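UniProt numbering numbers the first residue of the sequence shown as 1 and each following residue consecutively.
Each residue gets a CB set at the ideal place from its N, CA and C atoms; glycine is no exception.
Please read these numbers as outputs of a predicted model, since none were measured by experiment.
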Amino acid sequence: SASIGQVYKGKLRKDGMEVAVKVQRPKVLENVALDLYVLRSIIAPFNTDFVALIDAWGSGFVDELDYRAEAKATKDFTKAMKERGLDSVVFAPEVMDELSSTHVLVTKWVDGERLSTSNEDDVPRLCGIALNTYLTMLLDTGTLHCDPHPGNLLRTPEGKLCILDWGMVLDVPKDLQLSLLEFIADLKAENYEDVPMDLVKLKFVPEDKLDELRQSGLTEMAEDSMSRSDSTTSTTVDVTTKIEQMRQQNTNVFSIPDYFVYMSRAFATLEGIGLSSNSNYSILKECYPYISKRLLTDDSPRARQALRMLIY
């Protein structure tokens with residue numbers, strides 16, 4: 001969002017309250033549209049996956065231009081965390097609706113330091129809170145914050161986590177949440193026969209290409225790849241590399257959906273912060289307790305089956 005708007009610190013005249021004022025840069029729509037057009041024209045002859053990704057980025061940039069949508073996403077997150085009893089440890093800045101508009105967003109100022117550079121003893125705890133918060137967004141609330149770079153994750157003086165900049169969020173439908181859980185459960189249970197169907201549900205492969213995918217040897221490749229990896233030490237980069245290898249070996253049926261790019265980027269950032277305070281940090285290992293809890297509290301048939309796969 002830094003290329004789209006500039007943030008200033010100010011005080012309200014009426015009461016002296018400190019606020020953050022984000023003002024959209026002039027002609028930003030024209031500039032972004034031109035950049036994306038040029039980039040798309042250059043890449044189009046070489047890789048259709050990247051063209052789709054650029055289109056997704058373009059859509060995200062356009063969404064970011066309406067600060068009213070960002071204000072709503074910020075308030076929705078605050079409400080969701082309060083409903084789940086998490087507002088005592090994680091929050092977003094309070095939006096000043098009466099002072100905000102399409103091109104100006106005003107929130108209460110939040111004092112803090114970057115989580116990634118803090119030397120406080122509670123950083124590992126806050127990394128855990130950040131991970132659980134993002135898993136909650138991905139697999140529960142269905143609205144994922146897509147820009148968790150280190151500057152947007154603050155440790156407040158009170159030891160709470162503040163998440164800034166809600167201009168780019170990803171909607172995660174319930175069906176996609178369950179498909180992600182099923183995929184994780186199948187990999188953990190070494191149930192590789194169902195992986196091709198999982199990839200169809202996750203939009204990596206069109207449904208009419210399922211038989212072709214099964215005949216391509218992907219099941220055997222997934223089994224071989226997982227047998228040579230260690231889930232307790234694998235990183236987000238390892239996972240995305242394996243996915244990219246699958247795409248390269250099955251280019252006629254396999255493509256990477258835009259949601260996966262945003263999701264993997266978010267969790268790679270969180271993993272980087274975790275590794276900065278603990279060299280043995282494994283985000284995949286840290287995810288399992290939340291995933292188990294998520295499945296235990298979902299009575300839907302698909303969640304029940306995924307839980308059985310994960311346990312047995």
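request  = Can you give me the start and stop residues for the alpha helix (DSSP H) that residue 163 sits inside?
outcome  = Where residue 163 is concerned, there is no enclosing alpha helix (DSSP H), although the beta strand (DSSP E) it sits in stretches over 161-163.
Completely contained beta strand (DSSP E) runs for the segment 91-140, where each covers 3 or more residues = 104-108
query = DSSP state of residue 66, grouped into three classes?
reply = coil
ask   = How is residue 10 classed by DSSP in three states: helix, strand or coil?
value = strand
request  = Note down, one range per segment and in chain order, each beta strand (DSSP E) of at least 3 residues found wholly within the segment 151-220.
outcome  = 153-155, 161-163 and 169-171
Among 222, 209 and 203, nearest to residue 195 - alpha-carbon criterion = 222
message = Tell me which residues share the same chain as residue 30 and place their Cβ nearer than 7 Å to its Cβ, disregarding the 5 neighbours each side in the sequence.
response = none
key: Assigned secondary structure, residue 22 (DSSP; H/G/I helix, E/B strand, else coil)   = strand
ask   = Ordered along the chain, which non-local residues of its own chain (more than five positions away) have a Cβ less than 6 Å from that of residue 262?
value = 146 and 170
key: residue 290 to residue 42 span [Cα, whole Å]   = 42 Å
query = Are residue 100 and residue 155 close, meaning C-beta to C-beta below 7 Å?
reply = no
ask   = Would you call the CB atoms of residue 236 and residue 267 closer than 7 Å?
value = yes
message = Under DSSP, the alpha helix (DSSP H) around residue 143 begins and ends at which residues?
response = Taken as a continuous stretch (DSSP letters only), residue 143 belongs to no alpha helix (DSSP H), being part of the beta strand (DSSP E) at 143-145.
ask   = If we call anything under 7 Å between Cβ atoms a contact, is residue 18 one with residue 109?
value = yes
ask   = Rounded to the nearest angstrom, how far is the Cβ of residue 166 from that of residue 20, given a contact under 8 Å?
value = Wrong, their Cβ atoms sit about 12 Å apart, outside the cutoff.
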